[in-house]
Every structure is written in structure tokens, then in C-alpha cells.
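For the numbering used here, add 5 to where a residue sits in the sequence shown, where the first one is 1.
Below you'll find the structure, written out as C-alpha cells, and then a few comments.
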Amino acid sequence: MSGTKRLEGYVYKIIRCPYCKTLQYVRLEQKSRRCVKCDRRLNLKHVATVALARTGEEASLIVRYLKAKEAGIADKLYKLKE
Ligand SMILES: [Zn+2]
Numbered sequence: 006m007s008g009t010k011r012l013e014g015y016v017y018k019i020i021r022c023p024y025c026k027t028l029q030y031v032r033l034e035q036k037s038r039r040c041v042k043c044d045r046r047l048n049l050k051h052v053a054t055v056a057l058a059r060t061g062e063e064a065s066l067i068v069r070y071l072k073a074k075e076a077g078i079a080d081k082l083y084k085l086k087e
């Protein structure tokens, strides 16, 4: 996702730590942070965006969903009806 255009309404982005692969979310304007898990400094310019969210609650739901998906239990936790 390349972001020169302003992302309407989005406040948070979901990222994955390049070192320990932990999913977490940060505010879009943040330039760096420490990973919640491995405590290494992440330069957010160079970390790929996994997803975007409008609120902190939405961001944490997305992180939880992605973690469940990776654990292979998303189908059990989230029953999606098309
Ligand atoms: Zn990490």
C-alpha cells in the first residue's frame, strides 16, 4: 500500500513486526514505535501496512481477527455468512 494520497477516515494501521512477526496497530502519523512483544524499535516507514482502521476498537478487532486466522481458528470464532 503506497500512501501519498490521504486515507479518508483512517486513523490506525495494522502492522506486523518484521522481527518477531507480532501483529499490532499504530496511529497513521506515528513514525516509529517499539514493538509490543520484542521491544525493538520499528521504523514505520519501512514496515508494510497489513490493514487500516478508523478507530482503536476496530484496529484491535482486526488484529484479533488476523491472529485467529493465523492460528487457524478464525472459522470457529467468526462465522461469516455470505
Ligand atoms: Zn517484535
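From the three backbone atoms N, C-alpha and C, an ideal C-beta is built for every residue, glycine too.
Is residue i near ligand 1, in the sense that its beta carbon is under 8 Å from a heavy atom of that ligand?
{"i": "T60", "result": "no"}
{"i": "K72", "result": "no"}
{"i": "Y24", "result": "yes"}
{"i": "K42", "result": "yes"}
{"i": "R45", "result": "yes"}
{"i": "T54", "result": "no"}
Based on the DSSP output, what are the partners of residue i in its beta bridges?
{"i": "R38", "result": "L47"}
{"i": "L28", "result": "R21"}
Measure the CB-CB distance between residue i and residue j and report whether it falls below 9 Å.
{"i": "V16", "j": "R59", "result": "yes"}
{"i": "L89", "j": "L33", "result": "No information on residue 89 is available, as it lies outside the stretch 6 to 87 that the chain covers here."}
{"i": "K26", "j": "L57", "result": "no"}
{"i": "R39", "j": "L49", "result": "no"}
{"i": "C22", "j": "K36", "result": "no"}
Helix, strand or coil for residue i, going by three-state DSSP, please let me know.
{"i": "A58", "result": "strand"}
{"i": "K4", "result": "Given a span of 6 to 87 for the chain in the structure shown, any question on residue 4 remains unanswerable."}
{"i": "K18", "result": "strand"}
{"i": "K84", "result": "coil"}
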